[in-house]
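Undergrad: Below is the structure I would like to discuss, written out as structure tokens.
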Amino acid sequence: MVVDSIFADFILDPKSDVYLSQTLGAGEHVLRIGCHPRGTGHSADGDLSVALRLQSKSRSVKAEFEAFLTGGDDGEPPLKAKRSTFTREKAPDDDDVGVDVHGWFHFRRGDVDSLFAAHGAATLVCGAVLVRGDDPVPVPASDIGDHLRRLLDRADGSDVSFSVAGETFRAHRAVLAARSPVFRAELFGSMAEAAMPCITLRDIEPSTFRVLLRFMYTDGLPTEEELPSSSETTELFQRVLAAADRYDLGRLKLLCAQRLWQRVSVETVATTLGYAEMHSCPELKKRCLDFFMADKNFKKVVVTDGYLWLIQRFPSIIYDIRARVHET
Numbered sequence: 000m001v002v003d004s005i006f007a008d009f010i011l012d013p014k015s016d017v018y019l020s021q022t023l024g025a026g027e028h029v030l031r032i033g034c035h036p037r038g039t040g041h042s043a044d045g046d047l048s049v050a051l052r053l054q055s056k057s058r059s060v061k062a063e064f065e066a067f068l069t070g071g072d073d074g075e076p077p078l079k080a081k082r083s084t085f086t087r088e089k090a091p092d093d094d095d096v097g098v099d100v101h102g103w104f105h106f107r108r109g110d111v112d113s114l115f116a117a118h119g120a121a122t123l124v125c126g127a128v129l130v131r132g133d134d135p136v137p138v139p140a141s142d143i144g145d146h147l148r149r150l151l152d153r154a155d156g157s158d159v160s161f162s163v164a165g166e167t168f169r170a171h172r173a174v175l176a177a178r179s180p181v182f183r184a185e186l187f188g189s190m191a192e193a194a195m196p197c198i199t200l201r202d203i204e205p206s207t208f209r210v211l212l213r214f215m216y217t218d219g220l221p222t223e224e225e226l227p228s229s230s231e232t233t234e235l236f237q238r239v240l241a242a243a244d245r246y247d248l249g250r251l252k253l254l255c256a257q258r259l260w261q262r263v264s265v266e267t268v269a270t271t272l273g274y275a276e277m278h279s280c281p282e283l284k285k286r287c288l289d290f291f292m293a294d295k296n297f298k299k300v301v302v303t304d305g306y307l308w309l310i311q312r313f314p315s316i317i318y319d320i321r322a323r324v325h326e327t
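Numbering (numbering that gives the first Met the number 0), first residue to last: 0 to 327.
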């Protein structure tokens with residue numbers, strides 16, 4: 000990737016409507032910056048129009064085009080600024096050269112006239128930054144997640160299994176250890192599990208462990224079509240959030256927080272807040288507290304079973320809620 004830049008400036012006379020332009024070179028490219036003081040061609044109502052034209056046949060180029068107006072050299076900052084972007088991803092045909100106009104925008108007539116009134120003239124300053132590629136060979140998107148998911152589904156070469164509430168899951172020690180420092184310590188450290196061909200896990204449900212395993216192999220969560228009903232899904236992601244905390248999977252924790260926040264409601268916010276507090280997820284906790292304070296949500300939440308469970312398990316949360324109440 001190569002970066003080139005060009006700059007041009009034009010002195011604008013309030014009595015002139017002559018088209019102004021400059022042709023500039025930037026590496027292998029030839030570009031023309033031009034302006035119509037009275038909007039000839041592109042702009043309505045006599046607005047000042049500005050355009051960046053790519054004159055040369057070029058390949059794989061992206062330009063960030065910016066312009067601003069200033070009244071003079073009195074030290075005042077520019078009054079107006081505009082930005083535009085264009086991209087050309089392949090070489091144009093021979094008859095395309097210099098025809099297409101890119102990066103066009105306009106300044107309103109009233110803004111320009113106000114500068115003329117204050118300073119008697121105005122200066123238009125333009126700049127463009129070009130990022131040039133080398134027409135790279137196209138590369139398909141990564142599909143390692145698909146391959147690892149198939150590896151998990153078939154359990155090819157698996158060297159460890161887990162018994163979860165009577166259900167068996169086969170996996171690969173190296174994959175789990177690479178993803179989770181907790182599994183690494185269990186499977187390759189001095190703990191007894193390192194020598195066990197089958198490890199029994201307690202305090203976790205099969206549906207939760209299935210999502211956990213899938214994440215460690217694919218870095219993703221089930222699709223909406225693969226999930227149960229809405230209420231069951233909320234409970235599932237609450238449990239997966241707890242499992243992510245247990246196995247030190249920070250990205251999975253945040254993915255669960257995102258899904259839980261998408262499904263938050265008056266009925267679920269209290270328990271979701273409790274899980275966020277219990278499993279050290281401040282991002283989700285803050286949003287749940289915000290939800291408490293929104294509109295009339297607080298009066299509705301405090302009569303739910305979830306709120307009773309929350310204040311029984313986490314009485315300190317009450318201080319956080321009171322602090323929010325005093326802020327509003």
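We treat Cβ as the ideally placed atom computed from N, Cα and C, and that holds for glycine. Keep in mind it's a predicted model, so treat the numbers as computed, not measured.
What would DSSP say about residue 312, mapped onto helix, strand or coil?
TA: Residue 312 falls in the helix class under three-state DSSP.
Undergrad: Taking all protein chains shown into account, decide if residue 50 is buried (16 or more other Cβ within 10 angstroms of its Cβ) or exposed.
TA: Buried, because 16 or more other Cβ atoms sit within 10 Å of the Cβ of residue 50.
Undergrad: Are residue 251 and residue 274 closer than 8 Å when you measure CB to CB?
TA: Result no, Cβ atoms of residue 251 and residue 274 do not sit closer than 8 Å.
Undergrad: With distances taken Cα to Cα, identify the nearest neighbour of residue 243 among 213, 262 and 63.
TA: Measuring from the Cα of residue 243, the nearest candidate turns out to be 213.
Undergrad: By Cβ distance, which residues of its chain are closer than 6 Å to residue 31, with the 5 residues on each side in sequence left out?
TA: Cβ neighbours of residue 31 beyond the five flanking positions: 20, 22, 52 and 54.
Undergrad: For residue 105, which of helix, strand or coil comes out of DSSP?
TA: Looking at residue 105 - three-state DSSP - the assignment turns out to be strand.
Undergrad: For residue 123 versus residue 11, is the C-beta spacing smaller than 8 Å?
TA: Cβ atoms of residue 123 and residue 11: closer than 8 Å.
Undergrad: Count the other CB atoms, across all protein chains shown, that sit within 10 Å of the CB of residue 197; report buried if there are 16 or more and exposed otherwise.
TA: It counts as exposed.
Undergrad: May I ask you to list the residues that DSSP assigns as paired with residue 169?
TA: Paired residues: 160.
Undergrad: What number of angstroms, rounded off, separates the C-alpha of residue 284 from the C-alpha of residue 109?
TA: Taking the straight line joining both Cα atoms gives about 49 Å.
Undergrad: Do you know whose CA, among 5, 36 and 130, lies nearest residue 61's CA?
TA: The option with the nearest alpha carbon to residue 61 is 130.
Undergrad: Per the contact definition of three or more C-beta pairs closer than 8 Å, is the stretch 258-271 in contact with the stretch 280-296?
TA: In short, these stretches touch, since the Cβ pair count reaches three.
Undergrad: Leaving out five residues before and five after residue 262 in sequence, what residues of the same chain have Cβ atoms less than 6 Å from its Cβ?
TA: Result list for residue 262: 233, in chain order.
Undergrad: Out of 125, 146 and 211, state which residue places its alpha-carbon closest to the alpha-carbon of residue 161.
TA: Closest option to residue 161, Cα to Cα, is 211.
Undergrad: Could you name each continuous beta strand (DSSP E) segment of 3 residues or more that falls completely within the stretch 219-244, going from the start of the chain to the end?
TA: Those beta strand (DSSP E) runs which fall completely within the stretch 219-244 and span 3+ residues do not exist here.
Undergrad: Determine the DSSP secondary structure at residue 207, reduced to helix, strand or coil.
TA: If DSSP states are grouped into helix, strand and coil, residue 207 belongs with the helices.
Undergrad: Pull up the distance between the alpha-carbon of residue 259 and that of residue 187, whole angstroms please.
TA: Computed Cα separation, rounded: 33 Å.
Undergrad: Out of 159, 223, 272 and 278, point me to the one whose CA is closest to residue 320's CA.
TA: It is 272.
Undergrad: Should residue 224 go down as buried or exposed, given a rule of 16 or more other Cβ atoms within 10 Å for buried?
TA: Residue 224 is exposed by the Cβ-count criterion.
Undergrad: Residue 301 to residue 150, Cα distance in whole Å?
TA: Rounded to the nearest angstrom, the two C-alpha atoms are 47 Å apart.
Undergrad: Please report the straight-line C-alpha distance between residue 279 and residue 236, rounded to a whole angstrom.
TA: Distance between the alpha carbons of residue 279 and residue 236 is about 15 Å.
Undergrad: Roughly how many whole angstroms lie between the Cα atoms of residue 157 and residue 246?
TA: Going from the Cα of residue 157 to the Cα of residue 246 covers about 20 Å.
Undergrad: Following a CB-centred definition, is residue 28 positioned closer than 7 Å to any heavy atom of the ligand MG?
TA: Here there are no bound small molecules, and the ligand MG is not part of this structure.
Undergrad: Tell me whether residue 164 is buried or exposed, calling it buried when 16 or more other Cβ atoms sit within 10 Å of its Cβ.
TA: Flag for residue 164 reads exposed.
Undergrad: With a CB to CB cut of under 8 Å and the five nearest residues on each side skipped, what residues in its chain are close to residue 4?
TA: Result list for residue 4: 25, 126, 127, 128 and 129, in chain order.
Undergrad: Between residue 68 and residue 178, how many whole angstroms is the CB-CB distance? I'm expecting something under 8 Å.
TA: With 8 Å as the limit, residue 68 and residue 178 do not qualify as a contact, their Cβ atoms being about 54 Å apart.
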